[in-house]
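4 protein chains.
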Amino acid sequence: MSSTWGHAFRITTWGESHGGGVGVVIDGCPPRIPLEPAHLQAELDRRRPGQSEITTPRKEADTAEILSGVFEGLTTGTPISILVRNQDQRSEAYTEMAGKYRPSHADDTYDAKYGFRDWRGGGRSSARETIGRVAAAAVAQQVLKSLFPQLEVIAWVKSVYHLSGNIDPATVTRALVESNIVRTADPAMVGPMTDLIKQMRSDGNSVGGIVECVVRHCPPGLGEPVFDKLDADLAKAMLSLPATKAFEIGSGFAGTLLTGLEHNDPFRIDDGRVHTTKNDSGGVQGGLSNGEPILFRVAFKPVATVMHPQDTVTSTPHENTTLKGRGRHDPCVLPRAVPMVEAMTWLVLADHVLRHRGQLGS
Amino acid sequence: MSSTWGHAFRITTWGESHGGGVGVVIDGCPPRIPLEPAHLQAELDRRRPGQSEITTPRKEADTAEILSGVFEGLTTGTPISILVRNQDQRSEAYTEMAGKYRPSHADDTYDAKYGFRDWRGGGRSSARETIGRVAAAAVAQQVLKSLFPQLEVIAWVKSVYHLSGNIDPATVTRALVESNIVRTADPAMVGPMTDLIKQMRSDGNSVGGIVECVVRHCPPGLGEPVFDKLDADLAKAMLSLPATKAFEIGSGFAGTLLTGLEHNDPFRIDDGRVHTTKNDSGGVQGGLSNGEPILFRVAFKPVATVMHPQDTVTSTPHENTTLKGRGRHDPCVLPRAVPMVEAMTWLVLADHVLRHRGQLGS
Amino acid sequence: MSSTWGHAFRITTWGESHGGGVGVVIDGCPPRIPLEPAHLQAELDRRRPGQSEITTPRKEADTAEILSGVFEGLTTGTPISILVRNQDQRSEAYTEMAGKYRPSHADDTYDAKYGFRDWRGGGRSSARETIGRVAAAAVAQQVLKSLFPQLEVIAWVKSVYHLSGNIDPATVTRALVESNIVRTADPAMVGPMTDLIKQMRSDGNSVGGIVECVVRHCPPGLGEPVFDKLDADLAKAMLSLPATKAFEIGSGFAGTLLTGLEHNDPFRIDDGRVHTTKNDSGGVQGGLSNGEPILFRVAFKPVATVMHPQDTVTSTPHENTTLKGRGRHDPCVLPRAVPMVEAMTWLVLADHVLRHRGQLGS
Amino acid sequence: MSSTWGHAFRITTWGESHGGGVGVVIDGCPPRIPLEPAHLQAELDRRRPGQSEITTPRKEADTAEILSGVFEGLTTGTPISILVRNQDQRSEAYTEMAGKYRPSHADDTYDAKYGFRDWRGGGRSSARETIGRVAAAAVAQQVLKSLFPQLEVIAWVKSVYHLSGNIDPATVTRALVESNIVRTADPAMVGPMTDLIKQMRSDGNSVGGIVECVVRHCPPGLGEPVFDKLDADLAKAMLSLPATKAFEIGSGFAGTLLTGLEHNDPFRIDDGRVHTTKNDSGGVQGGLSNGEPILFRVAFKPVATVMHPQDTVTSTPHENTTLKGRGRHDPCVLPRAVPMVEAMTWLVLADHVLRHRGQLGS
């Protein structure tokens, strides 16, 4: 269904930008997993607006309330409902949108599908929806850490516009990523990227970029043959995030410029385990994890809201007009996209771990 | 589930390379749709091995039998079961694989997951599995053509290795694609690409490339907000195909090199309908089709089977060894990948059309 | 999944008796359906405790808040989240339950499954969970009334313990059922049933009974062959309600005492439509509705909480002990079960109507 | 979906009475489970027509072919496809049905839903569809026996028409049931029931009855709270079988004639484990198995095909007419319903065991 992800670890998000709130229901979570609001808050704080000088100044504490499914600090195995109330709503900034479609937003297509729409702040298409994903992923992370203490999911900003970092996925750490407000992993690029984003804001323009993500110490055998391949689910998960346009794993598009002899990953025994001596496969072969680091990249387009007049149409009836963006917006979504990419990765892994355990027994 | 695609138009494929056959069950197909074996065969013939001098010489007629769900030439609305028997099986070509993992194949990961595997021809990980998809997609195509006679899905080979065609997605036709054995849409590249693939075969090497696909006259509003976005489902569908490593829609990765002002697609009224004056969105906005052409690209890695010794390990116990590919293989999967990409696109569209109709009524 | 019902009109309930609240998320609801909190409240008021002298005196207003999915009084087509806060919680009445299993409750089995449980008021196994179902069904009812204005779902108390009403399903009205606190449809039984229930309460004992339900003016063809038969889904829906032990449709168990010649429902043309001249089929044939009234019965066991000492065991470690019920409870769940049976029926119908429309087009 | 059962151990059946065959695809089966065609055949032989003098003389060997998912005698973990070809088809016996609706069959409702139907032998509504279920259940049985060697599922004929057996579910054995062609478990009733069924056949009439089923040594904790309760899924499973009209578990409808004090099942420690001293709950409490025997009953209506003229209507256009049954039919479906009831029980259990293991880890 539209708003449900997962088969075994299954989440359903709900909520609009300017409605009563946003949230998520998690069904299928294993019991007796420690869970405190602080676990959720730590991740929500990385996603929330107003966290730094290069994100939107919209101020929302985004405080999560756990309404069910936890008793005496432990998950009960029954649905976990999480609620975040909306607070800093300024609908007036959006009144012009009631009658005009914002270019490269979802206004036109929501009208085409549903016949009308909640136009306040983008309604359901707002990135506020991802709050539910990030909160649920914090639960998934607790589950997976209890089963695989070494498992790591780390994402970072690989590029912003034409600025690309020089980053070794093998050594990047969460601390390095969190040490700067861009969430890049190349210290040399923090200054230039920050300056670029500020420049874009002062120009009333915007930029996009690429987030890269690594999963380390993933148990081998996760994923399923045919449709629910691990990489296929990661691709869907990433393309389900707002503003994404592309996904590649391992060698990706560049892999088409290699021959088979160059591209194939040879196997060798190391420490008694099967390893590949390089990793163009990106940690997934035949749709199943092979125990090597899973490495993928996601392209985020430039933010669609810009502070210049653009050609567009009115909603009813359809007539040509122009619209200039207003309100408070991110000039670059990348720093806040990092926890979203990680969140979807945790959700994909949690679902596959529980499905695998159901069929295989451990 | 692993082998099921779709919620409303739902297919389940089954079968291994060297077992009793391969096939598919389709559930949820609307009734009274004309369906003959010839509809399936036309698409299966585009997928089958041995169709040209640049594909594997493995000879399989891949004749489809419709076992259920069709009465007097019309679908009944109940499950359609389709069976294709395996024929040209030479297990002996694979006996060495019983004990050694082929690099960048799924041998190692299947063992990791299931504890053992059908090693004959790759078993379930064989691309023969896609026969079920292509057959089901031929049914989906019949359904969609009955509802939207103008709807078109056309894929073509955009690039092979370093050779890239100069192709206008707005004008490419099925006839043009089918006019050459490479299934490219740039006549100037037919010769060079054919020569390159032949050279790779004689070298015992292989190459990959990029398939591009356009959907024309797609009704607006298809897809669902949040997880089941149309582009997210297309991404998963494509990454579920064997040998794929990347997906991009519209501007894709290159879109990160534009600013918001450059990237946004302005709206204009044309012929009384809302249109965008360019299409960096790739026909999908907010996860829903906007009526413009849907345009995406899929990267296929070079074929993993090469005729040179490669480092690998034995299966039980694990020890270092080498393995040289044998048997009959495609040196380049691209020409046969074209109908697979189209098939997954038809399946995604059919499912979303029926889901949309369920919720919206038409 | 455990807490999700439906494929096209899909609901997920959450919440425990003494947690932060209970609620539901509805996904797949058609857009532009009028929906006000009053629609929910009217049904929740029929379900809530403390509504009459024969229900539990626990006082809960059970006020529903619609958090998302409704804009300017109309559904938007995106998830509808509904929240009911818990209020009248007296956990102290349950402290003894923390260490002892209540006979014929779910305490023992929840511990067996999850390793621990929220013992306050039964936690997730509390009938408070049905608030989410009743609220969601009020939405389903709005959807179905917009499509089939004549469609009616009416349930009533057929029997309480040995007292059985004499009721004609063809003529019973909602007004008649709501005219008395027992919610029976035989005026002559209101007094005896009320007296019996009061007597049971003063005895510290409890009784069960049978709820009967009719669906009138159901469109023909709803349901699906094989597993998702309309009657199969109704059976599951009813057995998913707390305290239910049996379901029968049409002739039910008594139909086994007829021969085929007696049991078969002859067809006749009436008013230009196909009708059966009697209805032992109960409105469903081959799993699909035939347009005749759908008639079924559901058995509710006597309430498990009784105010007498009963043999039981302690939870950790397991030792023999006794437990006497405390607190405020219904001596008979039947009057409040009527809206629950109707709710599950609306949910089954809404899901099948949307699924049918997806495959069949109208 | 219509023809799919289960979430973790998931089956999809297909096929019509007089099409190319019937079959099933099983997805999610654990690997390395021994599986031979003989496992399937043993159960199919109990279901097939022509097995005794009181079943239909239609002769079908119903030989199962395993097309995929098994390698060297073990399941591979990938989809298992099973095919049974149709053989003894005499469409001519059904030609009159092409134009007339058989009373209390699915002819009218299939036309109402789909606009036309495969009228040969009932098409998809034929009980031949259950071949796929029985074959899949034989696989489920292999899986469950490997995990819980003591687990038993035994069904028997409790009553035929007014003849009811005196049977103790605690001691009944498969051997006792299989020792007679009626599949009852009361030796004293074998003669009267056999005579009754023969009499019905010679009268051109038919009878129904009740099948009872016990699950012994079921692990506790199976099932899920709320919608997917174990008893709710059993109810749906049984009502999905052809010709069923009612389901009850434990005390069932009769339980409404007890007070709470009488109905509650006291707990006692026995052999170090928690037991109930009686079993009105029927082995399920709060939707979860409690380790006691699961006991339920299913009502099968009298077979709808009778050899006497009955009032009915023509299909196109609708006009009043009469129809007399022809062909070879069971005068009583009960003996062949026993393996069907067992099959659905195995399928419910297998799915819940794998789901439980996914969430709980063992």
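Chains as they are written, first to last, in the working numbering: chain A, 41 to 402; chain B, 41 to 402; chain C, 41 to 402; chain D, 41 to 402.
We put the beta carbon where it would ideally sit given N, CA and C, even for glycine.
Since the model is a prediction, treat every value here as computed from it, not as a measurement.
is_contact[residue i, chain C] using C-beta, thresh 8 Å
i: K364(D); result: no
i: P349(D); result: no
i: D305(D); result: yes
i: G327(B); result: no
i: I250(D); result: yes
i: D271(D); result: yes
i: T44(B); result: no
i: P422(D); result: The question about residue 422(D) has no answer, for chain D in this structure spans 41 to 402.
i: H121(D); result: One point to set straight first is that residue 121(D) is Ser, not His, in the sequence displayed. Taking Cβ atoms only, chain C never reaches closer than 8 Å to S121(D), which makes this a no.
Integer Cβ distance of residue i from residue j, believed to fall under 8 Å
i: M229(A); j: G205(A); result: 5 Å
i: R395(B); j: G398(C); result: 6 Å
i: V378(D); j: V197(D); result: 6 Å
i: I94(D); j: V110(D); result: Actually they do not touch by this definition, with Cβ atoms about 35 Å apart.
i: S321(B); j: D311(B); result: About 19 Å separates the two Cβ atoms, so there is no contact after all.
i: I334(A); j: V254(A); result: 7 Å
i: I194(A); j: R214(A); result: 5 Å
i: F307(B); j: H257(B); result: Not quite, the Cβ-Cβ distance comes to about 19 Å (not below 8 Å), so this is no contact.
i: L274(D); j: T385(D); result: 7 Å
Which of helix, strand or coil DSSP assigns to residue i
i: F111(B); result: strand
i: R88(D); result: coil
i: Q239(D); result: helix
i: D305(B); result: coil
i: Q182(B); result: helix
i: D310(C); result: strand
i: S402(D); result: coil
i: K18(C); result: In this structure chain C extends from 41 to 402, so residue 18(C) is not present and cannot be described.
i: S165(B); result: helix
i: G367(C); result: coil
i: L298(A); result: coil
Under 8 Å from the C-beta of residue i: neighbouring residues of chain A
i: F340(B); result: T296
Test: residue i CB closer than 8 Å to a CB of chain B
i: T211(C); result: no
i: T103(D); result: no
i: Q181(C); result: no
i: L394(C); result: yes
Closer than 8 Å to chain F by CB, residue i
i: I289(B); result: The question asks about chain F, but that chain is absent: this structure's protein chains are A, B, C and D.
Residue i at chain A interface by Cβ criterion, 8 Å
i: P77(C); result: no
i: Y141(B); result: yes
i: R164(B); result: yes
Contact set between residue i and chain C, taken where Cβ atoms lie within less than 9 Å
i: A48(B); result: H47, A48, R395, G398, Q399
Neighbour list for residue i in chain A, Cβ cutoff strictly below 9 Å
i: V343(B); result: G300
Neighbour flag for residue i against chain D, beta carbons, 8 Å
i: Y154(B); result: yes
i: A52(A); result: Inspection of the sequence shows that residue 52(A) is occupied by Thr rather than by Ala. For T52(A), the answer is no, since every Cβ of chain D falls outside 8 Å of its Cβ.
Chain B residues whose Cβ lies nearer than 9 Å to that of residue i
i: H58(A); result: Going along chain B, no residue has its Cβ under 9 Å from H58(A), so there is no contact; the nearest lies around 16 Å.
Partners in chain A for residue i, counting only beta-carbon separations shorter than 7 Å
i: G68(D); result: Q399
Residue i: contacting residues in chain C (beta-carbon distance under 8 Å)
i: G292(D); result: K285, A286, A339
Do the segment 263 to 272 of chain A and the segment 313 to 327 of chain A touch if we need at least three Cβ pairs shorter than 8 Å? Verdict: yes, contact present.
For the 8 Å Cβ check, are there 3 or more pairs between the segment 143 to 153 of chain B and the segment 80 to 91 of chain B? Result no; under three Cβ-Cβ pairs closer than 8 Å.
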